[in-house]
Amino acid sequence: MRIQLKTLMSITPWFIGVLLSTIAMELGYSWGSDIAAILGGEPGIWARLGKGFVWGGIITGLQWPIVRAVGVRPILFIVASAVCFAVGYPFGQTIQGIFIHHWSLHWTGYWSCVATFGLFLSVPQWWIFRRHMHRASLWIVFSVAGWMLTELVWINSGAYPIAYGIVTGLGLVWLVHSQPPQHE
Numbered sequence: 001m002r003i004q005l006k007t008l009m010s011i012t013p014w015f016i017g018v019l020l021s022t023i024a025m026e027l028g029y030s031w032g033s034d035i036a037a038i039l040g041g042e043p044g045i046w047a048r049l050g051k052g053f054v055w056g057g058i059i060t061g062l063q064w065p066i067v068r069a070v071g072v073r074p075i076l077f078i079v080a081s082a083v084c085f086a087v088g089y090p091f092g093q094t095i096q097g098i099f100i101h102h103w104s105l106h107w108t109g110y111w112s113c114v115a116t117f118g119l120f121l122s123v124p125q126w127w128i129f130r131r132h133m134h135r136a137s138l139w140i141v142f143s144v145a146g147w148m149l150t151e152l153v154w155i156n157s158g159a160y161p162i163a164y165g166i167v168t169g170l171g172l173v174w175l176v177h178s179q180p181p182q183h184e
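See the structure below:
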């Protein structure tokens, strides 16, 4: 019984990380889309800014319980990420439009857009993580890879949130657990 409990306790943070990140992607996209509709619908700039703000805020808000263990404070973490993603969401779509309309590079535009989403969400997070975690720059890799894999899965099956949850949830938990113990 003791081994089972120990195994369960060691698996729990990993499961919670995947679960929270999966829910974050689904809720962020859904609620962000609802806000975009209220603000006049896409491709309007206010709709895109609103969708990005809500989507980024929800993702970060649900990732915060994972990173709070290393001392990340919630307000700056959530607000900085939401604001940067509010800018990054329409910026990524602008990049996509440039590739498509000027050069007819549809897939290049699409993947550039997705990478932009990952960067605009992860860079402000990295900026905060670097004070709390060793190897914080790996978060940018995990985030962009999560966005890319999510879109790849979405194109092929439609089950996109779990791909994001697996990559980013496991990545965050690994970063948090790989920290040396803090001495007081």
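Residue numbers for the sequence shown follow our numbering, so the first one is 1 and each next one is one higher. Using N, Cα and C, we set each Cβ at its ideal position, and we do this for glycine too. Keep in mind the model is a prediction, meaning the values are calculated, not measured.
{"Asked": "Closer than 6 Å: T60 CB and nearest the ligand ADP heavy atom", "Found": "For the structure depicted, the ligand ADP is absent and the ligand set is empty, with no information on it obtainable."}
{"Asked": "Spatial distance of Y110 from V176 (CA atoms)", "Found": "32 Å"}
{"Asked": "CB-CB length for T168 against F142, believed under 8 Å", "Found": "6 Å"}
{"Asked": "First through last residue of the alpha helix (DSSP H) which encompasses G44", "Found": "Looking at the DSSP string, G44 is not in any alpha helix (DSSP H), and its letter there is neither H nor E."}
{"Asked": "Environment of G40 [buried if 16+ CB atoms lie within 10 Å]", "Found": "exposed"}
{"Asked": "Enclosing alpha helix (DSSP H) for Q96 [first to last residue]", "Found": "P74 to W103"}
{"Asked": "Distance CB(V123)-CB(W147) smaller than 7 Å", "Found": "no"}
{"Asked": "Residue of F99, G118 and A136 minimising C-alpha distance to V144", "Found": "G118"}
{"Asked": "Selection from S81, W55, A37 and I59 that minimises the alpha carbon distance to I128", "Found": "S81"}
{"Asked": "Three-way DSSP call (helix, strand, coil) for R68 in this model", "Found": "helix"}
{"Asked": "Beta carbon of L172 nearer than 7 Å to that of G61", "Found": "no"}
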